[in-house]
Amino acid sequence: METMDLRDLSREIASIVKKVKQSVVTISTVIPHPMSFLGYEPVKGYGSGFIIAPGYVVTNAHVVSGASRVYVIFSDGYASEAIIVAIDPHRDLALLQTSEHGEPIKLGDSDRLEVGEIVLAIGSPLGLLENSVTMGVVSAVGRSISSRDILLEDLIQTDAAINPGNSGGPLINLMGEAVGVATAIIPFAQGIGFAIPINTVKRFIEMIKKYGKPLRAWIGVYVMPLNPTFSALYKIPVQEGLLVVRVIPGSPAERSGLLEGDIILAVDGKLVKKIGDLRKAIEEGIDRGYVELEVMRGSDVFRVRTRILVE
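Sequence positions in the sequence shown follow the working numbering and run 3 to 313.
#1: Which residue marks the beginning of the alpha helix (DSSP H) containing Leu226, and which one marks its end?
#2: Going straight from the alpha carbon of Val274 to that of Ile86, what length do you get?
#3: Which of the three DSSP states, helix, strand or coil, is assigned to Ala69?
#4: Tell me, which residues are paired with Ser30 by DSSP?
#5: From Pro34, Ala88, Ile107, Glu132, pick the residue whose C-alpha is nearest to that of Ile210; which is it?
#6: How many angstroms separate the CA atom of Ile75 from the CA atom of Tyr58?
#7: Tell me which same chain residues have a C-beta within less than 6 angstroms of the C-beta of Ser301, skipping the five on either side of it?
#8: Between which two residues does the alpha helix (DSSP H) harbouring Phe260 extend?
#9: Could you please give the first and the last residue of the uninterrupted alpha helix (DSSP H) stretch that includes Tyr80?
#10: Only counting runs of 3 or more residues, tell me where the beta strand (DSSP E) segments fall wholly within the region 144 to 181, in order along the chain.
#11: What is the DSSP secondary structure of Asp279, counted as helix, strand or coil?
#12: Considering just the uninterrupted stretch of the alpha helix (DSSP H) at Leu217, what are its terminal residues?
#13: Considering only residues of the same chain and omitting the five flanking positions on each side of Ser253, which have a CB-CB separation below 6 angstroms?
#14: Can the beta-carbon of Thr162 be found closer than 9 angstroms to that of Val139?
#15: Label Ile266 either buried or exposed according to how many other C-beta atoms from any shown protein chain fall within 10 Å of its C-beta, with 16 as the threshold for buried.
#16: For Ile194, which of helix, strand or coil comes out of DSSP?
#17: Taking the alpha-carbon positions, what's the Ser233 to Ser146 distance?
#18: Whole-angstrom Cβ separation of Val306 and Leu244, contact assumed at under 8 angstroms?
Below is the structure:
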């Protein structure tokens, strides 16, 4: 019986992959060589992406950054030139417009992901033009990573292999929904893959629709989520919230009196447990221009209004 169940699961996964692959594309880029005036050929790069709506593809910002020409190659071999509608290096996301070809993928809800959940990464590793699939589990959520001059927060960590070329491809759940965008921006991470939550992509698209471009909204703090183990170790009186680990000098957070070691419990009346909760609240407050923070300092709890800066 168990063997038959495994066979059924295997067939189900194969069926999901077959359907989703119609939405996954290869991104080919042409990047001018800095010494082109001496006769050097342009540099060609490859990555992955996926269709979110007819004629629109999402990929990583670092896949298309600096490209003079971008091409989208669909799963059936059809190729089309694309234009970059928007690019956001702070989220490592880019939106491309191209031919209406292929099938849009269904977008899931990354806030519902659980550690241990099975996920699949689909893309074109190492510039191979045919999509490949790797499988793993969600190892952690809410991760932060840094590379060179970029800091990515609230990431999904997975042991599904993500190699150069897989960048920009979807991380999907067993319902065939995209729950993340794979990023291979940390090339030395062996056995560890990261993906940008699909809910971050949704907010990225909403900003483009509303403001014509992605905006970076911030108050000037770096935070980390609390958990029972950390709180017990450092004798913190609460087990959930965001610990302020750095306040940027001259930022609205500093001017409103926030200090390192403060704990942000809620923003605009909503409890915050993950870095993404704070970012979402700040982005939702762009038009208003400020957020109301509920902060714990020692045994005291107080509220503070903090201005939002937009870039």
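Backbone N, C-alpha and C define an ideal beta-carbon position, used for all residues, glycine too.
These numbers were taken from a predicted model, which means no experiment stands behind them.
Working from what's here:
#1: Looking at the sequence shown, residue 226 is not Leu but Met. Not the alpha helix (DSSP H): Met226 falls in the beta strand (DSSP E), residues 223 to 227.
#2: C-alpha separation (whole angstroms): 34 angstroms.
#3: Of the three classes helix, strand and coil, the one that applies to Ala69 here is coil, per DSSP.
#4: DSSP, once it has assigned bridges, lists Tyr48, Tyr73 as partnering Ser30.
#5: Of the listed residues, the one whose Cα sits closest to Ile210 is Ala88.
#6: Rounded to whole angstroms, Ile75 and Tyr58 show a C-alpha spacing of 13 angstroms.
#7: If we look at Ser301 and ignore the five residues flanking it on each side, it has no Cβ neighbours.
#8: Note that residue 260 corresponds to Leu in the displayed sequence, not to Phe. Per DSSP, Leu260 belongs to no alpha helix (DSSP H) and is neither H nor E.
#9: Unbroken run through Tyr80: none, as it is neither H nor E.
#10: Correct list: 152 to 160, 172 to 174.
#11: Looking at Asp279 - three-state DSSP - the assignment turns out to be helix.
#12: Looking at the DSSP string, Leu217 is not in any alpha helix (DSSP H), and its letter there is neither H nor E.
#13: Apart from the 5 residues on each side of it in sequence, Ser253 sits with its Cβ closer than 6 angstroms to the Cβ of Gly222 in its chain, given in chain order.
#14: With the sequence shown as reference, residue 162 is identified as Ala, and Thr is not the correct amino acid for it. Against a cut-off of 9 angstroms, the Cβ pair of Val139 and Ala162 comes out as a contact.
#15: Using a 10 angstroms sphere on the CB of Ile266, the tally of other CB atoms reaches 16 or more, which defines it as buried.
#16: DSSP places Ile194 in coil when its eight states are reduced to three.
#17: Rounded to the nearest angstrom, the two C-alpha atoms are 19 angstroms apart.
#18: About 14 angstroms separates the beta carbon of Val306 from that of Leu244, a gap too long to meet the 8 angstroms contact definition.
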